[in-house]
Amino acid sequence: MHFRFRFDRDGFHKEFSTGWSRRSGRWAAFAKAFADEFGDGFDGPPRPEGPRRRRRFGAEAMRLVLLHLLKDEPRHGYDLIKTIEEKSAGLYSPSPGMIYPMLNMLADEGLIAEVAGEEGRRCYAITDAGRAALDEAEDQLKEALERLADMARCNGDRAGDPLREAMHDVRQAARDAMRDAESAAGSRAERAEAIAAILREAAEKIGKL
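The sequence shown begins at 1 in full-length UniProt numbering and counts up one residue at a time.
Structure below.
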């Protein structure tokens, strides 16, 4: 089974009619994750444009980057997230809510396959069909990798600003803490409240300067 992605002014659409239809719960969850990650048009009417709503990475670009990262060896989702973050020098870290549904879609397409990983982790390896798809999209992949490199250069230009670096460290620490909480049932809300309490305390101290 082969799937294709289409982009237009109304956003991100999938051109096939299976359980991944736009109306299905599975597709709706994926569309919402992309809407949260990239902005307008993924799960409803366009939203007001602004610096935080600009898309950093399109679905097709991410699709190709994931295939590229799986080209040499099997990887699990968290490893892929961290690798993308490293390639952007910390400027961009895709959410698990976007990466894991994308991996499921690639597996449904037959472009990757689930394999056994260490410690029971669910890992994915590229298939021959995935390699062929990657070869066919060589130019698009090059452009996607250049975008990651541009992000890294942009983040490098910001180096030396202690406040900006500290804010990045706080944001990344919060993401990592919440990501770790995903594996512990019932702990996400408690972890979020603990992080919020720390941030409120820091804000109060800053306000007294």
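All C-beta atoms in this analysis are idealised placements derived from N, C-alpha and C, irrespective of residue type, glycine included.
Legend entry - Exposure of Leu199, with buried meaning 16 or more beta-carbon neighbours within 10 Å: Along the sequence shown, read from residue 1 onward, the residue named residue 199 stands at position 199. It counts as exposed.
Legend entry - 8 Å CB neighbourhood of Ser88 in its chain, flanking five on each side removed: As a working mapping, residue 88 is identified with position 88 in the sequence shown. Contacts found: Leu148, Met151, Ala152, Asn155.
Inset, instruction - Under the assumption that Ala144 contacts Leu66 (Cβ atoms under 8 Å), give the Cβ distance between them as a whole number of angstroms. - result: Counted from its first residue, the sequence shown places residue 144 at position 144. Counted from its first residue, the sequence shown places residue 66 at position 66. At roughly 10 Å, the Cβ-Cβ gap does not stay under 8 Å, so Ala144 and Leu66 are not in contact.
Inset, instruction - Could you pull the start and end residues of the alpha helix (DSSP H) that Ala116 belongs to? - result: Your numbering for residue 116 matches position 116 in the sequence shown. Element bounds for Ala116: not the alpha helix (DSSP H) but the beta strand (DSSP E), 112 to 116.
Legend entry - Outcome for Leu134 when other beta-carbon atoms lying within 10 angstroms are tallied against a minimum of 16: For the purposes of this step, residue 134 is identified with residue 134 of the sequence shown, where counting begins at 1. Around the beta carbon of Leu134, 16 or more other beta carbons sit within 10 angstroms, so the residue counts as buried.
Legend entry - Pair within 8 Å by beta-carbon distance, Gly110 and Thr83: Sequence index remark: in the sequence shown, residue 110 carries index 110 (1-based). Sequence index remark: in the sequence shown, residue 83 carries index 83 (1-based). For the 8 Å CB-CB criterion, Gly110 and Thr83 do not form a contact.
Inset, instruction - Report the partner residues of Arg75 according to the DSSP bridge assignment. - result: In the sequence shown, the residue the question calls residue 75 occupies position 75. Answer by DSSP bridge pairing, in chain order: Tyr124.
Inset, instruction - Return the residue from the list Leu103, Leu80, Arg75, Met102 that minimises the CA-CA distance to Tyr92. - result: Looking up residue 92 in the sequence shown gives position 92. When each option's Cα is compared against that of Tyr92, the closest is Leu80.
Inset, instruction - Find out if the Cβ-Cβ distance for the pair Arg188, Met178 is shorter than 8 Å. - result: Here residue 188 refers to the residue found at position 188 of the sequence shown. Here residue 178 refers to the residue found at position 178 of the sequence shown. In terms of Cβ geometry, Arg188 and Met178 form a close pair [threshold 8 Å].
Inset, instruction - Check each candidate in Pro74, Glu86, Ile206, Arg175 and name the one with the smallest Cα separation from Ala125. - result: As a working note, residue 125 is residue 125 in the sequence shown. Scanning Pro74, Glu86, Ile206, Arg175 for the CA closest to the CA of Ala125 turns up Pro74.
Legend entry - Sequence-distant residues of its chain with Cβ nearer than 7 Å to Lys208 (five each side left out): One-based indexing of the sequence shown puts residue 208 at position 208. For Lys208, where only same-chain residues beyond five positions count, there are no Cβ hits under 7 Å.
Inset, instruction - Could you tell me the distance, in whole angstroms, from the CA atom of Glu136 to the CA atom of Met105? - result: On the sequence shown, position 136 is the one that residue 136 refers to. On the sequence shown, position 105 is the one that residue 105 refers to. So the two alpha carbons sit approximately 19 Å from each other.
Inset, instruction - Count the other CB atoms, across all protein chains shown, that sit within 10 Å of the CB of Asp40; report buried if there are 16 or more and exposed otherwise. - result: As a working note, residue 40 is residue 40 in the sequence shown. Any reading at Asp40 must be qualified, since the residue scores a pLDDT of 37, below 50, and its modelled position is unreliable; the value itself is stated next. Asp40 is buried by the Cβ-count criterion.
Inset, instruction - Kindly indicate which three-state DSSP category Leu91 falls into: helix, strand or coil? - result: Locating residue 91 in the sequence shown gives position 91, counting from the first residue. Coil at Leu91, not helix or strand.
Legend entry - Cα-Cα separation between Tyr100 and Glu118, rounded to whole angstroms: One-based indexing of the sequence shown puts residue 100 at position 100. One-based indexing of the sequence shown puts residue 118 at position 118. For the pair Tyr100 and Glu118, the Cα-to-Cα distance works out to about 18 Å.
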